[in-house]
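**Q** Here it is, the structure, as structure tokens.
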Amino acid sequence: MKRLVYILSCFTLMTGISAQDNVYPARPQKGLLFLKNGTVHVGNGTVIENATIKINNGKIEEVGTNVAIPNSGAEVVDANGKHIYPGLIHPSSTLGLQEIGGIRSMQDFNEIGDLNPSVRSIAAYSADSKIINTLRSNGILLAHSVPQGALLGGQSTVVQLDGWNADDAPYKLDVGMNLYMPSMLNRATGRFAALFAMFFPQQGDATKEAIEKIEKIKEFFRQAKVYINNENKEINLKFEATRKLFSKQQKLFVHCTQVKQMLVAVDFVKEFGFDVVLVGAAESWQIADLLKQNNISVILSQMHDLPTLDDDDIDQPFKTPAVLQKAGVLFCINDDDPQNRGRNLPFNAGTAVTYGLDKEAAVSAITLNAAKVLGIDANTGSIEKGKDANLIISKGDILDMKSSVVEQAFIQGRNLELNDKHKQLYERYKYKYNLK
Amino acid sequence: MRKIKLLFSGLLFASLLQAQETFPVNGIADKRGACFAFTNATIVKDGQNTISNGTLIIREGKIVSVGAGVAIPKDAVIIDCKDKYIYPSFIDIYTDYGIPQPQRQGGPGSPADFFRTQQITSNQKGAFGWNQALKADVHAIRLFAVDDAKAKPYRESGFGTVLTHQKDGIVRGTGAVVTLANAKDNFVVVKDKASANYSFNKGTSTQSYPSSIMGTIALLRQTYNDAAWYKGNPEAAQKEGVNLTLKYFNDNQKLPQIFDAQDRGIDLWNLMRADRIGDENGVQYIIKATGKEYQRIKEVAATKAPLIVSLNFPQAQDVEDPNDARLVSLADMKNWELAPTNPAAIEKAGIPFCLTAADLRDPKAFLANLRKAMEYGLTEQAAMNALTKNPATWLGVYDQVGSIEAGKLANFVITTGPVFAEKTAILQNWIKGEKYAVKEDAWHNIAGTYTLTVSNNEGTQNYTLDVKSATSASVIGKDTMNAKFSFDGKAVKIGFAAGQKSRASMGGRGGFPGMASAATPVSLPANAIRLAGFSNGNTWNGTGVDSLGNAITWTATLINAATAKAENATAKTAPKLGGSFYPFTAFGNTETEIPKQETILFKNATVWTSEKQGKIEGGDVLVKNGKIAKVGKGISDPAARVIDATGKHLTAGIIDEHSHIASASTNEGGQSVTSEVRIQDNIDPDDINIYRQLSGGVTTSHILHGSANTIGGQTQLIKLRWGTDDEGMKFKGADPFIKFALGENVKRSSSTSGNTRFPDTRMGVEQVLDDAFNRARAYEAAMKEAEANNKKKGATQVTFRRDIELDALVEILNSKRFITCHSYVASEILTMMRVAEKYGFRVNTFTHILEGYKVADKMKAHGANASTFSDWWAYKNEVQDAIPYNATIMTKVGLNVAINSDDAEMARRLNQEAAKSVKYGGMSEEDALKMVTINPAKMLHVDDKVGSIKEGKDADLVLWSDNPLSIYAKSLYTVVDGTIFFDREKDAAMRKQVKAERTRLIGKMVGEKRGGAAVAPFTPSYKYISTCLDHGHKLGMLEIDADEEEQTHANH
């Protein structure tokens, strides 16, 4: 009886006239699941029309046009006329660490101090964030939850966006160490130049100061390397935190925009052999060849951004992905808009298409290439045999807002509930006004 | 001669010429006749008249006579000025010479600070006005004290007289004309009150208001009203008591009015803004120019303002590192190249002007920069007038200074040649008959060939001494030897080593044949011959040591004087310069490329009319005389430029209901009610975002005040006519609007140090509104009463105090001005509507309105429009219930809904933002497009002119490459009033031009550095972004939040 009441109440809530954000994580997928007749965007650049995807216990077993579907014992979803994509991957955000902007008590992403390698985002990650569901209903199934900081901000984790708590959430724990590059630009002296000159007659050299700070970080890594290669009487938590970075189980995410900052980031490849990823990197189009040469990959901050300089091509941010693609740089696309909280990721990729990137490359830039950049491509990022069944079914082109409607989504084959606070409030007020 | 008892100290200045009986003397009186005759000089009396071989007689500090063949009085000391020139000394009309640096008076010190405690009232003690930045009561004459260290560099540049004032505050009180003599303060004053000064910079005032340029303008406008009332209605004014600020403001009106338009960032449009304040109040300001007048010389000339022009030109930057060069904008580099043309451009435009050394790091650079201005086209005569007659005339002291005429002060300089020529030296600067030596060593031209005879016990040796200048000479024996040479007007030093050849004579082995030996520093070996002695006219003699250390004597006698080459200041060939563009930034048009209205026929497009007829497939639209002439199919016009629109989509231009581009400031946050401020006062037509948004199809933008306070400022509707001036941007004939705001921002929730400004709650917000309209009603009644009284025959006329803040509110009460109200949550929306209803008007538009979906029915009943974001949320507490279905719900309930940007980037994609309602809630594509075309036109009351494709409406059109609701759509042409302001193909060509011009200028700057010129460190071209302070704005690496900038500025 108790159980029945529970099921009933679930039902009531899920019909959605309540504004309570009561959306349930899915149960594990067991047995066979087929998605048939869909246009499959594999994620690696290829598109298979009228394809079937076979999923068994959460893994993709087969993809193609000749996949046999048993007559019984399998769940079958007909995706005729629909588009199937790998689950989208949000490559860098404060998801789960910041709920509402502007309220101090809700900010959990920036720790005090400039050397916090042992700080970990997963320790604060809230699986109950109402933002998560709004991303999921736009097709984003995985996200990289990243701590910020003054210099070395700490370790980040890739989470899957369906779970009860922070123990369920990690898709890959502690994938990255995050370094925030200090600015190498001297402060403005523009509008109040005369006054600034009065108060700061001897303006420092920002580049020099930044390089000094970075040198301290390098010194830290040099000492850490000695530490981890030797036995130590006393445990140093900061040094301990670097082990995965040196063993290449972790990448170094360098958050920066300026060319000089990016040039300094190359040092971390050369001296320590780290896997370096640039995050933000609005100016990366200027040194695409150099990034390629050094195997540095890029998480490009949102396309929906203004050019750096008045003189820049008015669509420069929009066309930066096409430049990186041409140079052969591994990159993925981000949406770090603080107002929509990341849910416009596919439209950022769509804008890149309008300005020169090919469509499937844009899909890769929010799926497989994002997985590669985050080091999770062995398990996800594309609709290929052996990978987790992380995928979404869209009514139309996922990159174009007028057709981008996610109807179903699966993480490891689990059929996700796609309700969210916004849909619930929509239902509530449709009810109030008797709207259809 | 008058009998005067001279009582001053001879210790200080032997020839102070005016009697001062009140000062006791400590010592013995030293009265002198002090008459001088300067003979044989070329005397430049003023810009027009020159006397060659003239004589100048001065006595007791004044000019007695000047001319050729003037009789020399017997008691005159004669100074032979053969080959010398005499000029009236220069006058600098813009200085704070001898005025102490004003100090900031306590206070929280953060006028514009959105996040910190505000200072609502003035902290100045005394019977002064309400605002601390109004310092009409300050008189330079009371603060002034002679400061010889500051005077000296001015004198060395040829200045003799200056206008000085305290550079502090918006109203700065009066200035005094003083000479630069090192004398008792009393003697140097020429005129104690010579000007009234103003600026846009509130200086040391710590009061929060005004925090913006538009607030500053409003404060000035209101102060004129207040002063008129104080003067015209003393009885009423008496009730408020004595107001010294207004009293002196009125007193100062009779003086020349000088406005510094440059003392708040270098914004060219501040000049036009200042002039308009003057126009409104019957004042023609003399305006201190910004240095960028050449960029818009027609608009500047149209102000008819006389200008004060600084010769502070930007330095070349060190841009050798390409990563640095990348961050310096074309506009900055181009300004570096063209700024020296500014004085010439002003002269050419026929604008009366003065020149000033103000803003120069060192007044000594003045003459060098003046010569540069001449190389770039400024004429000598204009320069002379700008430094003498003009300032003297404007300040009413031409009877005393500004030319060399009998009766005027003996203020003049003696030079070696034409004063503006490069090699000319200023020898002496005479002020009120007192000599100040500047470079007397150049009085005698020592250049020439001398016989040098060196003698010791054993005999005599002869050399030829070839003197090139006071610092350079060579000695010729068997070889030519570089000599170490110096001459200071009297003492001579010569050193040379027999056998040390000069580089030049060695065949230029160093590879720098262009570098004369004179420029090479000479270092002598230990055994050099060293001579020292004194000049005695053309013969010099003295003693020295030879190479063995033996004592020697020497004599040098002039054989041939070098003939001075005639030199003309403007002889140099004019420099090669790049052309200008409009606006003065990348993607501005050159004068010939400025787009013009055309007759255009769009053929075979999918025409989205945003009218009842919906979409027309294969439709044609004809544009003529800036209007939509025909809409339909099969249209032809032989005169039209035909644009094949097959496969393309034509829509009305996008209208952004909520924007903050193209304005120099956005928030006047100093008070809770600032309906007096106007965005129209600070339109910035040079903002690159105008062009960028044209590329996204935007043609009309509603530029709003920010949301820092409950009743914000008046808004301005503009059309994106890229390249026109600030007036030209305005949407003519549109109803006036005003911005209101509710909720977290106006109660300063994000203040980090608490809030002291009422209101602090939404309860208080209601009271602010109620109180404001209550006051407005009372004001209107009083105004009507005064008007009625003044119409009565025989009634005493009453001066009514016009209050521009309440005027705007009265307009709202009378439905002549309309509100767009920043709002989020249901409670505040309802409260705002109830207050409006109480006063009998309607809230025209709720903007943002993210909880509009909760009270859409109430809004409909009230009659409000809604302008919202598509999908923003969770960026602060009051938006946690925002949903992307908001627009759909409000539309379905029957509201007129628009999607706005409030963001310079997103405005470029408003069509896509509208498309999100297709995704969220299933709105039809045509309805979605209407949310950025006809719907905002309706809520802005301009739907009779724009917002749809209909015959007779303004030809504001966009041709898209794809379905305009698609993310893949790009604007190919954006048309405003029948003029193509954005053309994607032309844009591609412009990108190449920008690149080429940048490359040229970077090369020029690098060349400057390599050529040995001093260069400034590179400065990134930061951009000041003004936002409504409502939500996060992701700032690019060169963007600075304008309000934060003000805050930083204010905190120091």
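Chains as they are written, first to last, in the numbering used here: chain A, 235 to 670; chain B, 3 to 1054.
Yeah, the Cβ is synthetic: ideal placement off N, Cα and C, and Gly gets one too.
These figures come from a predicted structure and were not determined experimentally.
What residue does the alpha helix (DSSP H) around N582 (chain A) start on, and which one ends it?
**A** L579 to T588
**Q** Going straight from the alpha carbon of G450 (chain B) to that of T44 (chain B), what length do you get?
**A** Those two C-alpha atoms are separated by around 23 Å.
**Q** Using 10 angstroms around the beta-carbon of K294 (chain B), count the other beta-carbons present and answer buried if the total reaches 16, otherwise exposed.
**A** Buried.
**Q** What would DSSP say about G410 (chain A), mapped onto helix, strand or coil?
**A** strand
**Q** For S612 (chain B), which residues from the same chain have a beta carbon less than 8 Å from its beta carbon, with the 5 sequence-adjacent residues on both sides left out?
**A** T653, A654, E928, L931, K932, T935, I936, G949, S950 and I951
**Q** Go to G175 (chain B), then tell me how far its beta strand (DSSP E) extends in each direction, as first and last residue.
**A** V173 to T181
**Q** For a quick check, are the C-beta atoms of G546 (chain B) and V469 (chain B) less than 9 Å apart?
**A** no
**Q** May I ask you to report which of helix, strand or coil DSSP gives F362 (chain B)?
**A** One point to set straight first is that residue 362 (chain B) is Leu, not Phe, in the sequence displayed. Three-state result, L362 (chain B): coil.
**Q** Given a threshold of 16 other Cβ atoms within 10 Å of its Cβ, counted over all protein chains shown, does W396 (chain B) qualify as buried or as exposed?
**A** buried
**Q** Tell me which residues of the segment 960-976 of chain B have at least one Cβ-Cβ distance to chain A shorter than 7 Å, keeping chain order.
**A** Against chain A - using a Cβ distance shorter than 7 Å - the residues of the segment 960-976 of chain B are L967, S968, I969, Y970 and K972.
**Q** Are the CB atoms of G388 (chain A) and N420 (chain A) within a distance shorter than 9 Å?
**A** no
**Q** Under 9 Å between the Cβ atoms of H662 (chain B) and T668 (chain B)?
**A** For H662 (chain B) and T668 (chain B), yes; Cβs fall inside 9 Å.
**Q** Can you tell which of A:Y359, A:K270, A:S628 and A:V257 has the C-alpha that lies nearest to the C-alpha of V210 (chain A)?
**A** Given a span of 235 to 670 for chain A in the structure shown, any question on residue 210 (chain A) remains unanswerable.
**Q** Which residue wins for smallest C-alpha separation from R61 (chain B), given the options B:G49, B:I74 and B:T52?
**A** B:I74
**Q** Assign T185 (chain A) to one of three DSSP states: helix, strand, or coil.
**A** Nothing can be reported for residue 185 (chain A): it is not among the residues displayed for chain A, which extend from 235 to 670.
**Q** Among the residues of its own chain, which have a CB less than 6 Å from the CB of V477 (chain B), if the five just before and after it don't count?
**A** Y465, L467, M483, A485 and F498
**Q** So if I threshold CB-CB distances at 8 Å, which residues from the segment 832-856 of chain B count as touching chain A?
**A** Listed by position along the chain: Y855 and K856.
**Q** Using a Cβ-Cβ distance under 9 Å, would R328 (chain B) count as near chain A?
**A** Yes - at least one Cβ of chain A is within 9 Å of the one on R328 (chain B).
**Q** Going by C-alpha distance, which of B:Q120, B:D98 and B:L136 is nearest R144 (chain B)?
**A** B:D98
**Q** Alpha carbons only, please: which of B:G175, B:A153 and B:V173 is nearest the one belonging to A185 (chain B)?
**A** B:A153
**Q** Does the CB of W1 (chain B) have a neighbour CB from chain A at under 9 Å?
**A** As displayed, chain B neither begins before 3 nor continues past 1054, which places residue 1 (chain B) out of reach and without an answer.
**Q** Rounded to the nearest angstrom, what separates I260 (chain B) and Q209 (chain B) at their Cα positions?
**A** 24 Å
**Q** Alpha carbon to alpha carbon, how far is S54 (chain B) from P393 (chain B)?
**A** 26 Å
**Q** Runs of 3 residues minimum, wholly inside the segment 53-90 of chain B: which ones carry the beta strand (DSSP E) assignment?
**A** Counting whole runs of 3 or more residues, the segment 53-90 of chain B contains the beta strand (DSSP E) stretches 64-69, 79-82 and 87-90.
**Q** Kindly confirm or deny that the segment 579-586 of chain A and the segment 265-279 of chain A touch, where touching means at least three C-beta pairs closer than 8 Å.
**A** no
**Q** Pairs of beta-carbons, one from the segment 320-332 of chain B and one from the segment 355-365 of chain B, closer than 8 Å: are there three or more?
**A** No, because fewer than three Cβ pairs between the segment 320-332 of chain B and the segment 355-365 of chain B fall closer than 8 Å, the two stretches do not touch.
**Q** Is the beta carbon of A588 (chain B) closer than 9 Å to that of D312 (chain A)?
**A** no
**Q** Does any residue of chain B bring its CB to less than 9 Å from the CB of V557 (chain A)?
**A** Not a single C-beta of chain B is nearer than 9 Å to the C-beta of V557 (chain A).
**Q** When you compare each of B:L1040, B:A147, B:H824 and B:E242 to D1032 (chain B) by their alpha carbons, which one comes out closest?
**A** The candidate whose alpha carbon is nearest that of D1032 (chain B) is B:H824.
**Q** Exposed or buried, M386 (chain B), counting other C-beta atoms within 10 Å across all chains shown (16 or more means buried)?
**A** buried
**Q** Who are the Cβ neighbours of S703 (chain B) in its own chain at under 6 Å, not counting the five residues just before and after it?
**A** D658, S661 and I720
**Q** Report, in whole angstroms, the separation of the C-beta atoms of L540 (chain A) and G1038 (chain B), which I expect to be a contact under 8 Å.
**A** 6 Å
**Q** Taking the beta carbon of L58 (chain B) as the centre, do at least 16 other beta carbons fall within 10 Å, making it buried, or is it exposed?
**A** Classification for L58 (chain B): buried.
**Q** From the DSSP secondary-structure annotation, give me the bridge partner or partners of L706 (chain B).
**A** Answer by DSSP bridge pairing: none, since L706 (chain B) is not bridged.
**Q** Please report the straight-line C-alpha distance between A39 (chain B) and I561 (chain B), rounded to a whole angstrom.
**A** Going by the C-alpha atoms only, they are around 30 Å apart.
**Q** Quick one: what does DSSP say M925 (chain B) is sitting in, helix, strand or coil?
**A** Of the three classes helix, strand and coil, the one that applies to M925 (chain B) here is coil, per DSSP.
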